[in-house]
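**Student:**
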Amino acid sequence: MKYLIIALTFFTLAANAQQSVLNKEINTVKKSVVELNQELYQLEQELLSTKGTEVAFYFSLRGGKFFVPLSLELSAEGLASVHHVYTEREVKALRQGAIHPVGKSNIGTGKHLINVQVRGVDQHGDPVTLAFESEVEKTSDPLMLEISIQDNSKAKKANAQLVVW
Amino acid sequence: MQALKNSLGQTIRITILLCLSLNVSLASGFTVGEPFPNFTLPSAYSGYGKQLSEQYGKPVMLVVLDRCNRCENNLIEFQHLNITHAINDLETWIVWKTYKKDQPPQISLPVLQGDSRLRTGWETPTKLPAIYLINRDGVLDHVLHGSLRSLRKQVKPVLEQWMKQE
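Order-wise, the sequence lines are chains D and P. Take the first sequence: its letters are residues 27 to 191, numbered as in our numbering. Take the second sequence: its letters are residues 129 to 294, numbered as in our numbering.
1. If D/T113 and P/Q179 are in contact, beta carbons under 8 Å, what's the gap, nearest whole angstrom?
2. Kindly confirm or deny that the segment 129-138 of chain D and the segment 172-186 of chain D touch, where touching means at least three C-beta pairs closer than 8 Å.
3. Who are the Cβ neighbours of P/S236 in its own chain at under 8 Å, not counting the five residues just before and after it?
4. With 7 Å as the threshold, decide whether the Cβ of P/L154 is near any Cβ in chain D.
5. Nearest to P/Q234 by CA position, among P/R245, P/S244 and P/W221, is which residue?
6. Could you tell me which chain D residues have their CB closer than 7 Å to the CB of P/E219, listed as they occur along the chain?
7. Could you please give me the residues that DSSP links to D/Q187 through a beta bridge?
8. Any residues in the segment 79-106 of chain D with a beta carbon nearer than 8 Å to a beta carbon of chain P? Which ones, in chain order?
9. With 16 as the cutoff for other CB atoms within 10 Å, does P/T168 come out buried or exposed?
10. Measuring only between beta-carbons, confirm whether D/R115 sits less than 7 Å from chain P.
11. Is the beta carbon of D/K137 less than 7 Å from the beta carbon of D/E163?
12. Roughly how far, in whole angstroms, is the beta-carbon of D/Q176 from the beta-carbon of D/G123, given that I think they are within contact range, below 8 Å?
13. Going by DSSP, what residues sit across from D/K130 in a beta bridge?
14. Quick one: is P/V160 buried, meaning 16 or more other Cβ sit within 10 Å of its Cβ, or exposed?
15. Taking the straight line between their C-alpha atoms, what separation do you get for D/Y67 and D/V59?
16. Among P/G175, P/P170 and P/V188, whose alpha-carbon lies nearest the alpha-carbon of P/F164?
17. Measuring alpha carbon to alpha carbon, tell me which residue in P/G242, P/K228, P/L193 and P/V271 is nearest P/E251.
18. Taking P/K281 as part of the alpha helix (DSSP H), name the residues at either end of that continuous run.
19. Cα separation between P/D230 and P/Q183?
20. Beta-carbon of P/Y184 versus every beta-carbon of chain B: anything under 7 Å?
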């Protein structure tokens, strides 16, 4: 035990003396980790984001008088959940006709039930959730889906639907 | 003996490297002088979410609360500071987290839900409560820790000095 303590003290002192060398090594390791991370991310994207499984989600707001979106959640079996929180600036852009690219994900070919939940407030400022499920079929072609919120003036409320591009 | 020496040396070396890299990685998210990681948080009420990157060009004071149940009385000072420095574009956001039946503070400042599953890019700091002063370039200039009471006292001179530079 005594020798172990002496050895540890000795090597700790030695380690201190080599601090500048260690700092350089740390920086090199950090740089390597960042580079490795980038490479892994690229590899992951290449492996996962093949055209055959790609699904892209978009969000649009037509009108915006009866509904103001605050957040959006998309889910389906076998699909990594996609969500977004809307800021005032984003909603302003949506009202002016912008289409928001919510995100891309991957899904296998075949029929899928997409669950959509759009939380927001109505014209009175009361919380409202527009929720629906829609079945879509994924083929080998990229799938592009638009969650469209439209004002219904007659009913004085907004409707949500899933549009396949 | 030589083998033991080498082995021990290597172990210590690796341990030091690991500790240092762990320390760097843990601190990297909130390091003074470095850009504050961008995040989006939903409102604790039925309001718009907030995204840090949208505020670039404005100084931001981020007040991250510990447990708070309708603690608006403890936040009035921050509201006053925000009003005082509004002329210099100061934005003050309160980050609140849910705990059991706690209710968020009712205050005119934006109250964001820090532990929402809808959050993006936000990692709750380990030391709470805390105040982060993020400059117009999105760089973290000051971090203050302590109880809410001590933070109220601490922040005023720091903020005044900081806003002069801003």
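Ideal Cβ placement from N, Cα and C applies to all residues, glycine included.
**Tutor:** In brief:
1. 5 Å
2. no
3. Q207
4. Any reading at P/L154 must be qualified, since the residue scores a pLDDT of 40, below 50, and its modelled position is unreliable; the value itself is stated next. No, its Cβ sits nowhere closer than 7 Å to a Cβ of chain D.
5. P/W221
6. For P/E219, there are no C-beta contacts with chain D under 7 Å, since the nearest C-beta of that chain is about 12 Å from it.
7. D/S174
8. L96, S97 and E99
9. Buried, because 16 or more other Cβ atoms sit within 10 Å of the Cβ of P/T168.
10. yes
11. yes
12. That belief does not hold up - the Cβ atoms of D/Q176 and D/G123 are roughly 13 Å apart, past 8 Å.
13. D/A82
14. Per the 10 Å Cβ criterion, exposed.
15. The alpha-carbon atoms of D/Y67 and D/V59 are separated by roughly 12 Å.
16. Among P/G175, P/P170 and P/V188, the Cα nearest to that of P/F164 is on P/V188.
17. P/G242
18. L276 to Q293
19. 29 Å
20. In summary, chain B is missing from the structure at hand, where the protein chains are D and P.
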